[in-house]
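One rule links them: number in this note's numbering = place in the sequence shown (from 1) + 77.
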Amino acid sequence: MNFLEQVKVLVIKDIMLECRSKAAINSILLYVVSTVFVCYQAFKSVDTLVWNALFWIILLFASITAISRGFTQETQHRYLYYYSLVNPKALVFSKIVYNAILMTIISGTAFVVYGTIFKSPIEDLLLYFTAVMLGAISFSSVFTMVSGISAKTGSNSTIMAILSFPVIIPLLIVLIKLSLHAIQGVERAASTSELFVLIAINVITIAISLLLFPYLWRD
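This is the structure:
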């Protein structure tokens, strides 16, 4: 099989495994809904800055919970089996694609629930939704790369936190700025630079993952 066929098979495999055991995604969705409800009970109403910050905080921790288990749920024997069948680049790219699909579902659910429970102050709904989807893909690419490295250090959560911090902070700053533009109804042309930065972060992170993972795989 070529690279794309290997990625397709691995993504389908992950989706089928998730469908057979729905406990993980259901627990994450429950976390999102319950966290939004608790925030509503605590604050009732908030200004636009707090509204925006709360949403990204909820989404950030949901993504950490969802993606951090991407490599740890596979056994060493299964990785040895993969080693004889697939390209390591196809394996890590399939994880990024699968996590992007998973985060898109979680982010879309969080966006709908959060906007329903809290009164939505968004002026440009399409731009905000674009920011949410780009954020979901960005979280999946960053945390997939970091969890792959962390898995090789005995799934050390401290290592994952240290490695993700330098990337996730500027990413969150850009996402918050872009989503704030959508809330305030700023002209879309003013948000072009933020969109390009998010796309660039995704491209660079995926490229680094494809270059780095084969060396981790050998170990």
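Built from N, CA and C at the ideal position, the CB exists for glycine as well.
Item	Value
Per-residue DSSP class, three states only, for residue 279	helix
Residue 124 in three-state terms, based on DSSP	coil
Sequence-distant residues of the same chain with beta carbon closer than 7 Å to residue 139, five excluded per side	105, 108, 109, 183, 187
CB of residue 241 within 9 Å of CB of residue 219, strictly	yes
For residue 97, the first and last residue of its enclosing alpha helix (DSSP H)	80-97
Host alpha helix (DSSP H) of residue 162 (start-end)	Per DSSP, residue 162 belongs to no alpha helix (DSSP H) and is neither H nor E.
Beta-carbon proximity of residue 180 to residue 144, cut-off 9 Å	yes
Runs of alpha helix (DSSP H) lying entirely within the stretch 169-248, each at least 4 residues, in chain order	202-228
Residue 256 - DSSP class collapsed to helix/strand/coil	helix
Cβ contact check for the stretch 201-217 and the stretch 243-261: 3 or more pairs under 8 Å	yes
Burial state of residue 248, where buried means 16 or more other Cβ atoms lie within 10 Å	buried
Nearest-angstrom beta carbon gap, residue 279 and residue 224 [assumed within contact, 8 Å]	That pair is no contact at about 16 Å.
Exposure of residue 121, with buried meaning 16 or more beta-carbon neighbours within 10 Å	exposed
Euclidean distance between Cα positions of residue 212 and residue 130	14 Å
Test item: CB-CB of residue 259 and residue 202 under 9 Å	yes
Cβ pair count under 8 Å reaching 3, the stretch 161-177 against the stretch 112-121	no
Spatial neighbours of residue 128 in its chain, beta-carbon cut-off 7 Å, leaving aside the 5 residues before and after	195, 198
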